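Just so you know, we're using the working numbering here: the sequence shown kicks off at 1 and counts up by one.
Cβ coordinates follow ideal geometry from the N, Cα and C atoms, glycine included.
Here the structure is a predicted model, which means the values were calculated and not measured.
Take a look at the structure set out below.
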Amino acid sequence: DSWRERLLDNRKYLLGQGQEAGPIWLGTRSNTTSTPDDYRLVIYAKGGWVLHMLRDYLLDDSDPGETRFRELMRDFYQRFAGKRAFTEDFRAAVERATGEDMGWFFDDWVYGTDIPSCRFTWTSERVDGRWRVHGRIERSNFPAAARFPVLVRVNFSKDRFSRQRVWVTGPVTEFDLPPSADEPTDVVFNDLESVLCDTKVR
Numbered sequence: 001d002s003w004r005e006r007l008l009d010n011r012k013y014l015l016g017q018g019q020e021a022g023p024i025w026l027g028t029r030s031n032t033t034s035t036p037d038d039y040r041l042v043i044y045a046k047g048g049w050v051l052h053m054l055r056d057y058l059l060d061d062s063d064p065g066e067t068r069f070r071e072l073m074r075d076f077y078q079r080f081a082g083k084r085a086f087t088e089d090f091r092a093a094v095e096r097a098t099g100e101d102m103g104w105f106f107d108d109w110v111y112g113t114d115i116p117s118c119r120f121t122w123t124s125e126r127v128d129g130r131w132r133v134h135g136r137i138e139r140s141n142f143p144a145a146a147r148f149p150v151l152v153r154v155n156f157s158k159d160r161f162s163r164q165r166v167w168v169t170g171p172v173t174e175f176d177l178p179p180s181a182d183e184p185t186d187v188v189f190n191d192l193e194s195v196l197c198d199t200k201v202r
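See the structure below:
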């Protein structure tokens with residue numbers, strides 16, 4: 001929570017109160033005499049969160065040991081131990097782990113500086129004897145064409161829950177979760193802090 005607050009507070013530059021922190025890929029170059037704390041903020045706080053986002057993206061309920069993420073980090077370490085590594089080297093390691101082009105992720109979270117704001121609302125209704133959850137996400141402060149996945153958890157009585165990955169695309173995303181036999185007691189947007197964002201829930 002403290003990391004998020006510090007990263008969101010950095011937006012104050014928009015009001016003429018400072019300079020925007022640079023993107024992660026700048027590394028030590030983000031640290032200047034006028035922004036002495038930016039290196040720690042960008043590399044350790046935002047960088048750590050972006051690694052956590054990758055971990056959540058690779059999360060699979062059938063693999064509680066998180067094998068894919070662990071193998072990604074082990075692969076990268078073994079290839080570059082004692083050597084210089086660049087941002088695109090890490091992207092290549094991520095793409096080996098995911099089996100897909102991860103340009104969408106690196107463009108927004110590693111090379112970009114925007115942090116989205118999301119307003120989340122949900123309703124549930126009984127249809128044909130089962131409960132269906134409908135969600136709506138209003139997104140701002142992020143490139144219109146960008147997309148990212150977020151985890152949504154539906155809570156039920158007796159500490160039971162289900163979790164789904166929802167893709168947020170464009171200014172407004174609406175979705176229906178798989179119907180369930182039990183009535184939901186709550187719906188949690190951005191479960192596990194799967195995305196760095198400013199969240200408002202109604």
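For residue i, which beta-bridge partners are listed by DSSP?
{"i": "N155", "result": "F161 and D186"}
{"i": "T169", "result": "R147"}
{"i": "S124", "result": "V133"}
Quick check: residue i and residue j, are their CB atoms within less than 8 Å of each other?
{"i": "T199", "j": "F120", "result": "yes"}
{"i": "L54", "j": "F76", "result": "no"}
{"i": "R136", "j": "V168", "result": "no"}
{"i": "R132", "j": "D176", "result": "yes"}
{"i": "C204", "j": "P116", "result": "Since the first and last residues shown for the chain are 1 and 202, residue 204 lies out of range."}
{"i": "Y57", "j": "P178", "result": "no"}
Taking only the alpha-carbon atoms, compute the straight-line gap between residue i and residue j and give it to the nearest angstrom.
{"i": "W49", "j": "V42", "result": "10 Å"}
{"i": "A97", "j": "V154", "result": "28 Å"}
{"i": "V94", "j": "P171", "result": "27 Å"}
{"i": "S192", "j": "V152", "result": "Checking the displayed sequence, the identity of residue 192 turns out to be Leu instead of Ser. If I take the Cα positions, the gap works out to 9 Å."}
{"i": "T113", "j": "Q78", "result": "29 Å"}
{"i": "R6", "j": "D107", "result": "22 Å"}
{"i": "H52", "j": "V195", "result": "8 Å"}
{"i": "D60", "j": "E66", "result": "7 Å"}
{"i": "E125", "j": "F105", "result": "34 Å"}
Taking the alpha carbon of residue i as the reference point, which residue from the options has its own alpha carbon closest?
{"i": "P23", "options": "M53, A45, V110 and V127", "result": "V110"}
{"i": "T173", "options": "R4, W122 and D114", "result": "W122"}
{"i": "V187", "options": "S162, W167, T169 and C197", "result": "S162"}
{"i": "A45", "options": "S2, D159, E183 and F175", "result": "S2"}
{"i": "R74", "options": "E100, F90 and V166", "result": "F90"}
{"i": "T87", "options": "R202, G47 and E125", "result": "G47"}
{"i": "L8", "options": "N141, F189 and D159", "result": "N141"}
Let's see if you can read the secondary structure: which residues bound the alpha helix (DSSP H) around residue i?
{"i": "F80", "result": "T67 to F80"}
{"i": "D198", "result": "First-last for D198: D198 to V201, but that is the beta strand (DSSP E), not the alpha helix (DSSP H)."}
{"i": "V94", "result": "T87 to T98"}
{"i": "F106", "result": "G103 to W109"}
{"i": "L7", "result": "S2 to D9"}
{"i": "V50", "result": "G47 to Y57"}
Less than 7 Å between the CB of residue i and some heavy atom of the ligand SAM, yes or no?
{"i": "K200", "result": "Looking for the ligand SAM in the displayed structure turns up nothing, as the structure carries no ligands at all."}
How about residue i: is its C-beta nearer than 8 Å to some C-beta of chain D?
{"i": "R160", "result": "The structure shown contains no chain D; it is built from a single protein chain."}
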